[in-house]
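At the far end of the sequence shown sits residue 147, using my numbering, and the numbering has no gaps.
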Amino acid sequence: MINLSVRCKQLTDQQNIYTFKTGLPGLPEDLKDFNLIAIDKDSPFYLLQSTKDEEICFIVINPFLFFPGYEFDISNEEKTKLDLENNNDIAVFCIVNASEGLKTATVNLLAPIVVNTATGAAKQVVLNDQRYTIRQPLPLSDQTGEG
């Protein structure tokens with residue numbers, strides 16, 4: 001069973017810092033640098049924590065592990081903003097809302113976080129795709145230890 005009640009302020013790993021040049025929608029503009037931290041080496045869940053305000057922290061997942069058919073195109077404009085030259089340098093994460101617990105957790109598939117792993121540039125990309133929602137139920141499986 002996964003325990004998602006990790007206290008963000010206790011996290012100190014600073015190895016995977018990603019910079020959102022334009023910030024994250026809904027957050028103060030000065031919060032641009034975020035640390036991606038694995039909750040556990042065997043967990044599909046990560047924390048995305050502000051390096052400036054440790055209380056700003058999101059649970060994120062690789063959406064392809066839970067939604068194998070998930071797909072979207074990144075525009076050339078977005079690729080330019082992310083300094084993407086090679087598709088092998090792309091990582092994608094989606095924010096999880098587990099405020100009511102894992103059994104009722106939802107995932108924001110409409111606005112994935114796209115990361116350039118080579119440069120550390122990151123951006124939350126809002127898709128124009130009616131297949132996806134900001135509150136897609138998280139399918140529970142052996143990956144989560146639930147279900």
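Glycine is no exception: its CB is placed at the ideal position from the N, C-alpha and C atoms.
- Exclusion of the five residues before and after Glu78 leaves Val125 as the residues of its chain whose Cβ lies within less than 6 Å of its Cβ.
- Inter-segment contact for the region 50-61 and the region 80-91 is absent: fewer than three beta-carbon pairs are separated by less than 8 Å.
- If you draw a 10 Å sphere on the C-beta of Ile17, you find fewer than 16 other C-beta atoms in it, and that means exposed.
- Thr80 and Asp89 have their C-alpha atoms spaced approximately 13 Å apart.
- Distance from the CA atom of Phe20 to the CA atom of Tyr70, rounded to whole angstroms, is 23 Å.
- By the neighbour-count definition (other C-beta atoms within 10 Å, threshold 16), Leu102 is a buried residue.
- In this structure, Ile37 sits near Tyr46, with a CB-CB distance shorter than 8 Å.
- In the structure shown, Lys21 adopts coil according to DSSP, grouped into three states.
- DSSP places Leu65 inside the alpha helix (DSSP H), whose first and last residues are Pro63 to Phe66.
- Asp33 is not a Cβ neighbour of Thr22, given a cutoff of 8 Å.
- Along the region 35-111, the beta strand (DSSP E) occurs as fully enclosed runs of 3 or more residues at 45-50, 57-61 and 90-97, listed in sequence order.
- As DSSP reads the structure, Pro137 sits in a beta bridge with Thr106.
- Pairing Val92 with Asp53, the inter-Cα distance amounts to about 23 Å.
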